[in-house]
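Numbering (the numbering used here), first residue to last: 1294 to 1753. Even glycine gets a Cβ: it sits at the ideal position worked out from N, Cα and C.
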């Protein structure tokens, strides 16, 4: 990362226009020879197997993945080879995938099965933060460098607990989220630690401002009960500032629900703005502590209680302005009028807004260095996995073809997708049955994309 001032929230991960990375120009590789091993090996005509959808490291893996004969093709059949209970099909929310889980009248949707809530990716989610219940800390299929799976605890008290606080996503979880939503663009694994650090820092800054509002209204020890990202919903204040004062649009919006000690719930609206003129050019400028309030000058946070009641409306219109004039609060509101530098950035903010509304997917770009690595891996696969390809070509039954497909896929993954291969083996070795299915899916997707990436495509 060359001087980075990047920020994106975990509940609204998308390519931020201010993550600056540089890549070499991508070239084209010659077409693979016709006798090369395919990255999607197929079984013979006598088999119903269409693509490899599982992985196998050695014969000992076969004992962990007992073969079950079925007449079904592809992924569902091969996944049944591993001892993982099948997931029930969950209905998605009735809206297209967006950069954040959609918000309905009840902030979620359920399938009627015990009230379980799901997001648009059919994953069970926690209504309090609109994020998957089962955090995915496994490497993604297009990942080439290892990322930390360690999660940092925030200082933000969690509603519904006595002493608990919210926990931030790990760098690996963050990377998986932007990959799942196809919002990677030119962001690389090397960028993620700084992005996560800024994410955590800005959340702490936001909470600090919430507490200042609460103290002004005579409420101590508030807790954050739940939050939701609403990047596609301009707040009335943001719209007013943009239309009448020429202020850039915010790049994100959150609604936080605060729980007071007396049980009262108050909604806060947060707009996040970016000022490129204040971005730091210092190396590692994004590696900030969550306690470094004000360190990220290029990101500004507008925090205020929603005008949902007479008391919050009075606090915004009268109480806070008077307290500021009297020096009775440390709260510093954002100016209503933009600076001259900010005015110049209005057009860029509107283009960013248009990309959010259009839900434009930006898959990962394959860099030249990674493309060359994959090309070399494919050459090695042709020699090291040749016998397994032959076994795949000559198999005659579902059972035989499944074993051959598993063996060939794992051989290819070991060479071309070492990170994903290692993660899958680790899951098996640890007996983490609840993660086998996902780890398997990642391995298969990585193998299936090798040839496209070697030719300079994104593999999407």
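Pairing residue 1462 with residue 1686, the inter-Cα distance amounts to about 44 Å.
Residue 1550 is a Cβ neighbour of residue 1560, given a cutoff of 7 Å.
In the structure shown, residue 1520 falls within a strand segment according to DSSP collapsed to helix, strand and coil. Remark: three or more beta-carbon pairs, one from each stretch, lie closer than 8 Å, so the stretch 1534 to 1543 and the stretch 1635 to 1652 are flagged as touching.
Taking the Cα of residue 1535 as reference, the smallest distance to any Cα among 1448, 1464, 1472, 1628 is reached at 1628. Within the model, the alpha-carbon separation for residue 1566 versus residue 1533 is close to 15 Å. In the DSSP assignment, the residues bridged to residue 1450 are 1458. When rounded, the separation of the alpha-carbon atoms in residue 1521 and residue 1548 is 5 Å. Rounded to the nearest whole angstrom, the C-alpha separation of residue 1554 and residue 1453 is 11 Å. Every alpha helix (DSSP H) of 4 residues or more that sits fully in the stretch 1599 to 1644 is shown, in chain order, as 1603 to 1607, 1613 to 1618, 1633 to 1636. Per DSSP, reduced to three states, the secondary structure at residue 1714 is helical.
The C-beta of residue 1615 has fewer than 16 other C-beta atoms within 10 Å across all chains shown, which makes the residue exposed.
In this structure, the straight-line span from the alpha carbon of residue 1552 to that of residue 1708 is close to 52 Å. Given a length threshold of 3 residues, each whole run of the beta strand (DSSP E) inside the stretch 1475 to 1523 is given here in chain order: 1516 to 1522. Burial check for residue 1577: the Cβ neighbour count within 10 Å stays below 16, so the residue is exposed. Under the DSSP assignment, residue 1559 falls in the beta strand (DSSP E) whose first and last residues are 1558 to 1567. Here residue 1550 is bridged, per DSSP, to 1519, 1560. Between residue 1591 and residue 1564, the CB-CB gap reaches or exceeds 7 Å.
The alpha-carbon of residue 1517 is positioned some 14 Å away from that of residue 1505. Closest by C-alpha distance to residue 1630, out of 1721, 1579, 1531, is 1531. Between the stretch 1642 to 1651 and the stretch 1716 to 1724, the count of Cβ pairs shorter than 8 Å is below three; the stretches do not touch. Taking each of 1604, 1597, 1601 in turn and checking the Cα distance to residue 1624, the smallest one comes out for 1597. The distance from the Cβ of residue 1664 to that of residue 1600 is about 53 Å, inconsistent with a contact at the 8 Å cut-off.
Residue 1738 and residue 1513 have their C-alpha atoms roughly 50 Å apart.
For residue 1594, the three-state secondary structure derived from DSSP is strand. Each residue's CA atom was taken as its position, placing residue 1464 and residue 1651 some 27 Å apart. For the 7 Å CB-CB criterion, residue 1736 and residue 1706 form a contact.
The Cβ-Cβ distance between residue 1440 and residue 1482 falls below 7 Å.
Around the C-beta of residue 1602, fewer than 16 other C-beta atoms lie within 10 Å, and the residue is accordingly described as exposed. Nearest Cα to residue 1497 within the set 1584, 1684, 1526: 1584. Selection 1658, 1689, 1710 evaluated against residue 1669 yields 1710 as nearest (Cα-Cα). DSSP places residue 1526 in the coil class of the three-state scheme, outside both helix and strand.
Shown here for residue 1571: same chain residues with a beta carbon closer than 6 Å to its own, the five before and five after excluded, namely 1590, 1591 in chain order.
Within the model, the alpha-carbon separation for residue 1607 versus residue 1613 is close to 9 Å. CA-to-CA, the gap between residue 1681 and residue 1457 works out to about 52 Å.
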